[in-house]
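Student: Per our numbering, residue 2 is the first one in the sequence shown, and the count goes up by one each step. Virtual Cβ for every residue (Gly too), placed ideally from N, Cα, C. In this text, all values refer to a predicted model and were calculated from it rather than measured experimentally. Dropping the structure in here first, questions after.
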Amino acid sequence: MVNNLDYKLPFELYNETKGDGLISPLMLFNNLIWLTTKEASVYLRRSVNAIHTLVSRGHLRARKFRNRLYFKREELDYLIETSQLKGG
2 MVNNLDYKLP FELYNETKGD GLISPLMLFN NLIWLTTKEA SVYLRRSVNA
52 IHTLVSRGHL RARKFRNRLY FKREELDYLI ETSQLKGG
């Protein structure tokens, strides 16, 4: 099984692996406080462009460090929890 993420995972952050030796995405997000734009797009299941649009419209707060945007995982969770319900 191949990990779908394009980047290498810092193994020193993780204590457990799955049976096949790979780290599950759930473990990745549970151990991180700050997410890059790409990680935030995977976490929210949106494209990178959609994340940039949310930031430019003021719906999502980003911090910039060395020309990279970072997002706090707690704020992404809050964004989802406070979103409006649609349908049934």
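My output table needs one value for L77: the three-state DSSP class, helix, strand or coil.
Tutor: Three-state result, L77: helix.
Student: Measuring alpha carbon to alpha carbon, tell me which residue in K73, R67, N68 and F66 is nearest S42.
Tutor: That would be K73, whose Cα lies nearest to the Cα of S42.
Student: Here's the rule I'm using: 16 or more other beta-carbon atoms within 10 Å means buried, otherwise exposed. How should I34 be labelled?
Tutor: Exposed, since its Cβ has fewer than 16 Cβ neighbours within 10 Å.
Student: Could you tell me which residues DSSP puts in a beta bridge with K65?
Tutor: For K65, which the question treats as bridged, DSSP gives the partners L70.
Student: Under 8 Å Cβ to Cβ from L77, same chain only, skipping five residues before and after it: list those, please.
Tutor: The residues are L36, A41, Y44, L45 and L61.
Student: Just mark I81 as buried or exposed, buried being the case when its beta carbon has 16 or more other beta carbons within 10 Å.
Tutor: The residue is exposed, with fewer than 16 neighbouring Cβ atoms inside 10 Å.
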